[in-house]
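Protein chains in written order, with our numbering: chain A, 31 to 213; chain B, 31 to 213.
What follows is a set of notes on a single structure, which appears directly below.
2 protein chains.
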Amino acid sequence: MAKNRTTKDKLAWTAAKLFQEKGYEGVGLSEILANAKVPKGSLYHHFQKGKSDLAIAAADFASREMLRVIDDAFVPAPDYETGLTTLFHKLAKLFDLMGKWNGCPISGTLLTGAQNAVFRQLSEQIFETWITRISQHAIRLGIPENEAEDRATHLFVTLQGGWTLARARSSSDVLRTLPRYLT
Amino acid sequence: MAKNRTTKDKLAWTAAKLFQEKGYEGVGLSEILANAKVPKGSLYHHFQKGKSDLAIAAADFASREMLRVIDDAFVPAPDYETGLTTLFHKLAKLFDLMGKWNGCPISGTLLTGAQNAVFRQLSEQIFETWITRISQHAIRLGIPENEAEDRATHLFVTLQGGWTLARARSSSDVLRTLPRYLT
DNA sequence: TCACCCCTAGACCGAATGGTCTAGGGGTGT
DNA sequence: ACACCCCTAGACCATTCGGTCTAGGGGTGA
């Protein structure tokens with residue numbers, strides 16, 4: 031987790047954490063403010079549109095962190111399968127650390143609540159970024175180019191679904207068994 | 031979709047629909063009441079604990095419908111692979127019908143919002159019901175018993191993740207390509 | 001040292017939230 | 001025909017929601 035150097039960062043970080051736990055609609059501004067120990071005036075100074083701008087910043091924040099985890103798993107890996115297995119194990123550990131409750135930071139923040147074209151579009155863009163990144167690692171690790179995108183999508187889908195099941199079960203075990211299906 | 035014979039059913043059905051669209055926290059009581067054309071007094075007569083009881087009824091409702099779709103796909107299938115492919119195609123069609131926005135009715139209703147032990151537990155129970163049902167079909171269609179649970183879990187995870195990606199992309203295409211990974 | 005301005009601080013706002021409570025309409029059993 | 005009671009109906013409640021606005025603290029540049 032990054033640190034809260036500035037007030038703006040602190041807000042984005044706190045919001046990301048809370049949205050992931052309870053979803054966009056499930057968190058009130060007052061709760062975010064109280065957690066970040068920042069007054070309302072500061073929020074609206076840094077994020078003119080208020081809660082929705084904050085959600086975008088939070089999603090961006092979370093996405094960058096996810097990309098970091100992906101890189102950490104795949105960069106040192108000798109092949110795609112090893113990288114992927116490491117990724118799932120890393121995420122299982124993360125899941126446990128977060129109290130076995132949190133959902134996907136992106137769908138929890140952007141795909142919850144009323145239809146919002148901007149949110150939906152941003153979530154799509156972020157997901158494609160993840161898939162592309164995984165795909166690049168796959169190619170680098172010897173997966174044929176015409177297969178890589180497909181493999182990456184499969185991985186993403188499995189991860190997304192596995193996380194949901196893990197959440198319902200309150201157990202990260204599923205996440206650790208999933209690589210079996212992807213090799 | 032079942033019909034709204036009684037006021038109670040109408041409420042559960044309307045709530046299920048709305049929770050699936052916007053999540054538990056994203057829907058107000060007043061919106062449900064207006065859509066169902068039912069006064070508040072009736073709601074609290076049929077569901078003493080109010081919104082949370084309504085969510086439980088809605089999830090139950092949605093779960094039964096999902097089981098029906100699963101059966102519809104697998105019962106006439108000659109083998110597991112065919113059944114599974116039919117299931118994904120049926121759900122893709124459903125996804126399109128619902129305006130390409132709705133999420134999983136269970137996670138949207140129960141796994142959104144603040145930590146709630148009852149909701150979490152119910153979601154787990156419902157998901158396991160689905161997996162068990164799929165597993166039973168698998169066995170009936172010739173999958174070895176010691177593999178069936180595993181295959182069913184894999185299917186569920188793929189479905190759950192695929193639906194999320196379909197939602198972000200506003201396209202049911204992914205859902206149609208997923209069976210490829212499951213055979 | 002002083003003026004400037006970025007940012008913090010929180011009081012305040014109307015609207016909407018989930019929930020409670022009292023009345024009364026209308027179908028049913030006798 | 002009457003009494004009973006299930007259910008509808010919606011006014012009303014405190015609380016919280018997201019958002020606006022004015023004041024002032026405090027660091028920086030000249």
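Using N, Cα and C, we set each Cβ at its ideal position, and we do this for glycine too.
Every value quoted in this text rests on a predicted model; they were computed, and no experiment measured them.
- Residues of chain B whose Cβ lies closer than 7 angstroms to the Cβ of A:H184 are, in chain order, Y211.
- Close CB contacts of A:F149 within its chain, under the 6 angstroms cut and outside five residues either way in sequence, are with L140 (chain order).
- Within its own chain, the residues whose Cβ lies closer than 6 angstroms to the Cβ of B:A122, once the five positions on either side in sequence are excluded, are S202, L205, R206, listed in chain order.
- The three-state secondary structure of A:T142, taken from DSSP, is coil.
- Within 10 angstroms of the beta-carbon of B:R35 lie fewer than 16 other beta-carbons, which makes it exposed.
- Shown here, A:E55 sits in coil according to DSSP, grouped into three states, outside any helix or strand.
- Per DSSP, reduced to three states, the secondary structure at B:A46 is helical.
- Using beta-carbon distances, A:K52 counts as an interface residue toward chain B, with a partner under 8 angstroms.
- Residue-level contact check: A:Q190 touches chain B, since one or more beta carbons of chain B fall below 8 angstroms from its beta carbon.
- Within the model, the alpha-carbon separation for B:G71 versus B:A45 is close to 16 angstroms.
- Secondary structure of B:S202 (DSSP, three-state): coil.
- Taking a 10 Å sphere around the C-beta of A:K52, we find 16 or more other C-beta atoms and assign the residue as buried.
- Among the residues facing chain B, A:E55 is included, as its CB has a counterpart in that chain under 8 angstroms away.
- Classified as exposed, A:H75 has fewer than 16 neighbouring CB atoms from the shown chains inside 10 Å of its CB.
- The DSSP-derived three-state label of A:G172 is coil.
- With respect to the C-alpha of B:R197, the residue from A:S153, A:Y211, A:I161 having the closest C-alpha is A:S153.
- Proximity of the segment 52-62 of chain B to the segment 79-95 of chain B meets the contact definition, three or more beta-carbon pairs being nearer than 8 angstroms.
- Listed along chain B, the residues sitting closer than 7 angstroms to A:A144 by beta-carbon distance are K52, G56.
- For A:A178, same chain residues with a beta-carbon under 7 angstroms away, outside a window of 5 residues either side, are S165, A168, I169 in chain order.
- Under a criterion of Cβ atoms nearer than 7 angstroms, the residues of chain B adjacent to A:E154 are, in order, A198, R199.
- The beta carbon of A:G80 sits no closer than 8 angstroms to any beta carbon of chain B.
- Using a 10 angstroms sphere on the CB of A:P209, the tally of other CB atoms reaches 16 or more, which defines it as buried.
- Selection B:F118, B:K47, B:L73 evaluated against B:T37 yields B:L73 as nearest (Cα-Cα).
- Membership of A:M96 in the alpha helix (DSSP H) is indicated by the continuous run 81-104.
- Contact check between the segment 177-195 of chain B and the segment 183-196 of chain A: three or more CB pairs, one atom from each, fall below 8 angstroms, which counts as touching.
- Residues of the segment 167-179 of chain B whose Cβ lies closer than 8 angstroms to any Cβ of chain A: none.
- Our two residues, B:L97 and B:M128, have alpha carbons roughly 18 angstroms apart in a direct line.
- B:P108 sits in coil when the DSSP states are folded into three classes, being neither helix nor strand.
- CA-to-CA, the gap between A:L117 and B:V68 works out to about 49 angstroms.
- Note on A:Q50: 16 or more other CB atoms within 10 angstroms of its CB, so buried under the neighbour-count rule.
- For the C-beta of B:V99, not a single chain A residue is nearer than 9 angstroms; the gap to the nearest is close to 17 angstroms.
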